[in-house]
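Using UniProt numbering, the first residue of the sequence shown is number 1, and each one after it goes up by one. Where a beta carbon is used, it is the ideal one built from N, C-alpha and C, also for glycine. Structure, as structure tokens:
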Amino acid sequence: MEKEWNSFKKFSAVEILSESQIAALPQDAEIVNTRWVHTDKNQKPRLMAGAMRRRTGKSEAQIKKEYPFEAKSRMVVIGCQEKDTGIRSDSPTASLLAFNFVTCLSVIFQWILEAYDASTAYLQSQGIARLLLLRPPRPPPPGVSPHDLLRAKGSIYGTRDAGRSWWKKLFKALQRLGWVMSKLEAALFYLFDSEVLVGALVAHVDDLYSTGTGKKYEESLKVLEKEIYLKRKVGDFRFCGKNVKQNQDGSVSLDQIDAIESLEYMVLQKNRRVMPNAPLNEDEKSAFRGLIGSLGWIARQTRPDVLVNVSLASQTMGNPTIKDVVELNKVVKVLKESYDFKWNFVPSSNLTLENAVVFCMADSSFANTTKLRSQCGYVVGLTTADFTSGYDTPVMILEAYSGSIKRVCRSTLAAETNGFLTATEAADYVRMLLLEVKHPGVSMVDLDRFYLKGLLIALTDAKSLEATLNKDAGQPADKRVKILVSQVKEFLGGDSYEDDGSVRCHWCDTSQMLADVLTKAGCEREPLLDAMTTGKWRLKPSAEAEETKQKIRDGRRRRKAEKQYSETLLRQRSGLDGAAASSTAAEVGGSSFAENFQGPFVRRGQAYEDGIYFSRTEAAKPATAPEERPLSRLLVGDFEALGKYLGGRGPVENAVVVLCERQTCQGSGRFRQDAEPHHTLLWFLRERLGLTGTKLGCGEGGCGACTVTVAMFQDGVVVHRAVNACLAPLCSVDGCHVTTVEGIGTSNKPHPVQRRVAELHGSQCGFCTPGIVMSLYTTLCRTSKPTLSEIESSFDGNLCRCTGYRPILDAAKTFVCDKEKCPSSGLDVPPQRPEQEKDVKICSTTADVLKNLADEKVQEASFPEALKTQLEPLKVTGTKVTWYRPTDLATLLMLKKAEPKAKMVAGNTEVGIETKFKQCEYGTMISTSAVAELQELSIRNGVMTIGGVGCRLWRFSSEFW
């Protein structure tokens with residue numbers, strides 16, 4: 001506190017009034033309080049060093065030793081107590097564009113970069129016109145009585161005009177030394193010597209960032225150091241939260257390693273993560289906004305490759321969901337994985353201030369944000385006139401932007417034009433900055449009217465926009481787009497019609513478009529990051545980019561071939577033009593379809609020729625291609641008792657949910673159009689069908705609370721399985737009959753399983769009971785006379801934390817076939833284990849229950865006749881996932897070759913966990929459940945044959961154990 005008070009006395013910031021001065025004050029004079037603010041100067045560096053411990057290997061003791069506690073006290077005015085009587089508080093600070101522009105000038109001229117920090121800046125602004133009386137803080141400064149009255153002689157920390165007063169002092173000092181402020185960028189100053197640029201400087205409150213050379217520049221800074229008490233930093237320093245390093249080769253590197261390392265993931269409770277569309281609560285919203293702010297600052301300063309992610313997240317601020325948090329956490333992960341990225345400004349002998357050309361790249365994504373708005377982005381920087389030559393050219397990126405277009409666009413061309421206009425406006429602004437530097441003393445009006453503007457190179461990856469801007473004919477019909485096009489042409493320059501080769505706009509491949517990553521999430525970041533790291537860019541795509549583009553073209557041809565093939569098969573099955581259809585099927589299989597799916601695979605006894613698989617002993621037949629079926633027509637089975645309990649009247653009888661053309665809607669069935677391949681069966685049951693009897697427990701397939709019965713027609717028989725609905729993909733139950741706990745009984749007419757579990761006290765809290773009931777129900781569907789071993793093993797996948805399992809097992813054992821007579825009651829009871837006494841007696845309550853259950857029969861489970869068909873190939877295309885279900889090994893291998901990154905799915909126990917809790921994304925999934933070759937399980941001549949991933953463990957154990 002003593003040091004702070006000494007600063008006040010040094011700059012005569014306040015005076016202590018005498019009794020006579022106090023007596024002369026106006027009667028209505030108001031007194032404003034002051035207070036002390038105590039901080040630790042090393043707190044932030046210590047926190048940053050702690051965040052970097054994993055990288056640096058420093059211990060906590062070493063960090064504390066390097067950044068010990070350093071107290072700092074500041075006396076501030078409680079400014080809110082001062083009346084607002086028209087006091088101006090505005091003061092300019094340098095923009096990020098101005099900062100980058102000064103950095104570019106330093107690299108181009110090979111000047112030294114310097115940073116300055118003004119000591120006690122606000123106390124230096126002497127002179128205050130109004131009467132400002134202050135009461136000393138508690139405790140008062142040394143030598144000051146708590147009853148003294150202070151009068152401010154200048155602006156002090158906390159006053160409304162403190163920032164502006166400092167700015168006025170700085171501006172006057174720079175102006176007196178010959179510095180000229182830019183007419184475009186406030187707080188950007190130039191220093192000229194005989195109209196030659198010798199220095200540039202930006203101011204951010206009390207921090208200065210400058211570069212220059214020559215005697216005039218050096219002398220002006222020496223005067224500033226003494227006049228406003230500047231502390232100089234050079235070479236490697238921090239400025240406004242960025243690490244700035246000027247390297248030996250003259251290049252400048254910017255990074256925010258410590259800021260990225262200090263980022264924290266937004267943690268969600270486990271039960272919240274499985275509900276992606278659930279809205280955030282107030283605490284979560286606050287944390288979400290804070291994370292957006294932290295990421296936005298880093299993205300704007302040094303990591304523009306994640307700008308679009310932050311922009312899209314900020315657009316959901318009104319109603320954010322769990323899914324938005326997950327997406328934002330992915331951005332944190334991306335930054336942490338590339339924490340050491342550096343934005344480099346690299347010098348080039350080809351790039352000088354005289355031949356510097358402004359370039360801009362613009363891109364837009366049509367209707368990809370909320371309320372069908374379009375996202376646009378651009379990159380603006382300096383380069384040379386050879387930018388479009390196709391070879392490596394130097395680039396210095398000055399600004400990157402990503403944001404939504406305020407106007408709702410009616411077409412892709414409208415979105416691209418709006419984004420392109422925004423980019424050319426930004427490029428024209430930079431072009432005027434260059435003119436201002438090259439022609440000092442000329443007004444902006446004269447610069448715009450009489451001086452020849454330099455070349456502006458604009459690039460887009462939209463062929464339609466490039467053709468619209470460069471050609472005189474074929475203009476768009478949309479009048480709004482015409483206006484935008486005319487504005488763009490004004491920025492790029494008119495056509496004199498003297499040179500037919502003149503081009504206003506250049507087209508570049510998407511793989512080279514730096515702004516592509518600024519318009520949509522999930523784009524390749526490498527083009528932009530490479531340009532920022534190396535300081536080079538080329539118009540011609542690399543060999544890898546050409547190969548990737550060719551794969552995309554092949555994929556389009558493949559999908560077109562699949563569609564043609566599917567249409568041909570449908571015509572053939574419907575009996576329309578059978579001979580022609582067969583001929584067309586062979587033709588499609590032998591050209592496009594075969595071209596995209598064929599591979600080196602040849603099975604024993606089969607061969608591949610002209611796109612057709614055939615057996616050497618059988619007639620040739622076309623390979624089965626996945627049939628495209630819209631998602632809204634996906635069969636998810638026959639859900640019995642859809643309506644839960646309708647006022648105690650029992651379940652809806654024979655309610656069938658039909659989403660496929662193979663059945664007709666019966667009872668109270670519903671036709672769904674709002675499902676997706678990435679949805680789970682549990683999500684569909686609860687969120688879309690309202691069948692909440694099936695519970696969401698662990699979400700990992702471990703507790704069994706979500707168990708349902710899935711029946712399918714396989715090898716001529718109906719097979720029942722107990723399935724964890726929380727992991728089962730919705731598409732995996734295509735062609736199956738799904739029964740939930742609502743479908744087997746009601747409170748008025750319970751199923752025997754429900755009744756026995758209830759009457760033998762197998763349920764306490766009841767959360768796990770639906771899953772336990774369905775596991776036992778599934779066992780009874782498989783066999784009407786289960787053994788004791790079968791009953792006990794049926795609960796392997798169910799957990800209960802209340803009952804201890806004994807009453808559950810007592811209820812389940814009443815269904816076993818190998819019963820014994822109770823010696824006391826003479827009733828049939830489940831057999832005793834060898835270690836138990838044979839003459840154990842049962843209680844009277846249990847005896848009464850067993851008497852009532854003696855004649856109770858379990859009704860045999862039904863299965864719809866319409867589902868007794870073989871599964872067909874299936875392809876479902878959703879917004880996030882494309883799901884394939886081939887029915888033979890040949891098609892499976894062809895799909896895997898065509899989609900090498902596709903994820904193979906059998907039971908989904910691993911993939912489901914990865915997508916739910918590890919944020920893994922798989923755009924293509926291939927199910928192996930319908931491939932007959934992978935289901936084989938047999939022993940012939942002493943040789944065991946196991947199909948592989950399609951052979952489930954329960955099948956293996958039931959066959960051989």
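Counted within 10 angstroms of its Cβ, other Cβ atoms place residue i as buried (16 or more) or exposed
i	result
ASN271	exposed
HIS737	buried
CYS781	buried
residue 966	Residue 966 lies beyond the range of the chain shown here (1 to 961); nothing can be said about it.
THR778	buried
THR694	buried
ASP516	buried
TYR401	buried
VAL14	buried
SER210	buried
GLN512	buried
GLY290	exposed
GLN246	buried
ASP255	buried
GLU218	exposed
VAL267	exposed
ALA129	exposed
GLN124	buried
Cα-Cα separation between residue i and residue j, rounded to whole angstroms
i	j	result
CYS703	PHE917	16 Å
residue 1050	GLU70	Outside the displayed range of the chain (1 to 961) lies residue 1050, so it cannot be described from this structure.
GLY493	ASP207	39 Å
LEU328	LEU689	30 Å
ILE16	SER443	48 Å
GLN935	GLN714	11 Å
GLY878	LYS901	17 Å
GLN606	VAL931	Bear in mind that a pLDDT of 32 at GLN606, under 50, signals an unreliable position, so the model cannot answer this.
MET48	LEU263	10 Å
LYS868	CYS731	18 Å
HIS720	ARG755	22 Å
PRO807	CYS800	11 Å
GLU872	THR887	7 Å
PHE11	VAL76	15 Å
LEU382	LEU433	12 Å
GLU60	ILE298	26 Å
Identified DSSP bridge partners for residue i
i	result
GLN246	VAL252
LEU224	DSSP output for LEU224 lists no bridge partner at all.
PRO279	THR321
TRP297	In the DSSP output, where bridge partners are listed per residue, TRP297 has none listed.
SER182	SER182 is not bridged to any residue.
PHE192	LEU197
residue 966	There is simply no residue 966 to check, as the chain begins at 1 and stops at 961 in what is shown.
HIS506	LEU459
ASP236	LYS245
MET75	TRP36
ASP117	ASP207 and LYS231
The ligand NAD heavy atom lying under 8 Å from the CB of residue i
i	result
LEU25	The ligand NAD is not part of the structure shown, which contains no ligands of any sort.
Problem - Unbroken stretches of the beta strand (DSSP E), 3 residues or longer, contained in the segment 330 to 396 - result: Taking only runs of at least 3 residues, the beta strand (DSSP E) segments lying wholly in the segment 330 to 396 are 343 to 345, 357 to 365 and 375 to 383.
Exercise for the section: Give, in chain order, every unbroken run of the beta strand (DSSP E) that is at least 3 residues long and sits entirely within the segment 861 to 906. Expected result: List check, beta strand (DSSP E) in window: 874 to 877, 882 to 885 and 903 to 905.
Handout entry: Inter-stretch contact (C-beta, 8 Å, three-pair minimum) for the segment 106 to 117 and the segment 179 to 192
Key = The answer is no - the segment 179 to 192 does not touch the segment 106 to 117, with fewer than three Cβ pairs under 8 Å.
Exercise for the section: Decide if the segment 676 to 685 is in contact with the segment 723 to 738; the criterion is three or more beta carbon pairs, one per stretch, under 8 Å apart. Expected result: Because the criterion of three Cβ pairs below 8 Å is met, the segment 676 to 685 and the segment 723 to 738 touch.
Problem - Any 3 or more C-beta pairs closer than 8 Å across the segment 331 to 350 and the segment 228 to 235 - result: As far as the Cβ criterion goes, the segment 331 to 350 does not touch the segment 228 to 235, which means the pair count is below three.
Practice task
Please confirm if the segment 919 to 933 is in contact with the segment 890 to 904, defined as three or more CB-CB distances below 8 Å between the two stretches.
Solution key: As far as the Cβ criterion goes, the segment 919 to 933 touches the segment 890 to 904, which means the pair count is three or higher.
Practice task
Pair every Cβ in the segment 525 to 536 with every Cβ in the segment 475 to 482, then say whether three or more of these pairs are closer than 8 Å.
Solution key: No, because fewer than three Cβ pairs between the segment 525 to 536 and the segment 475 to 482 fall closer than 8 Å, the two stretches do not touch.
Handout entry: Touching by the beta-carbon criterion (3+ pairs, under 8 Å), the segment 117 to 136 and the segment 32 to 41
Key = The segment 117 to 136, when compared against the segment 32 to 41, does touch it at the 8 Å Cβ threshold.
Handout entry: Sufficient close CB pairs (3 or more, under 8 Å) joining the segment 407 to 424 to the segment 361 to 374
Key = Using a Cβ-Cβ distance cut-off of 8 Å, the segment 407 to 424 and the segment 361 to 374 are in contact, since at least three pairs of beta carbons, one from each stretch, lie closer than that value.
Exercise for the section: Indicate whether the contact test is met: 3 or more Cβ pairs, each with one atom in the segment 54 to 71 and one in the segment 168 to 180, closer than 8 Å. Expected result: The segment 54 to 71 makes no contact with the segment 168 to 180; the number of CB pairs closer than 8 Å stays below 3.
Problem - Three-pair Cβ contact test at 8 Å for the segment 300 to 317 versus the segment 387 to 395 - result: Contact between the segment 300 to 317 and the segment 387 to 395 is absent, because fewer than three Cβ pairs lie under 8 Å.
Exercise for the section: Take every Cβ of the segment 357 to 371, pair it with every Cβ of the segment 415 to 434, and state whether three or more of those distances are shorter than 8 Å. Expected result: With three or more CB-CB distances shorter than 8 Å, the segment 357 to 371 counts as touching the segment 415 to 434.
Problem - Any alpha helix (DSSP H) of 4 or more consecutive residues that is wholly inside the segment 737 to 825 - result: Listed in chain order, the complete alpha helix (DSSP H) runs (minimum 4 residues) inside the segment 737 to 825 are 752 to 759, 769 to 782, 788 to 793 and 806 to 813.
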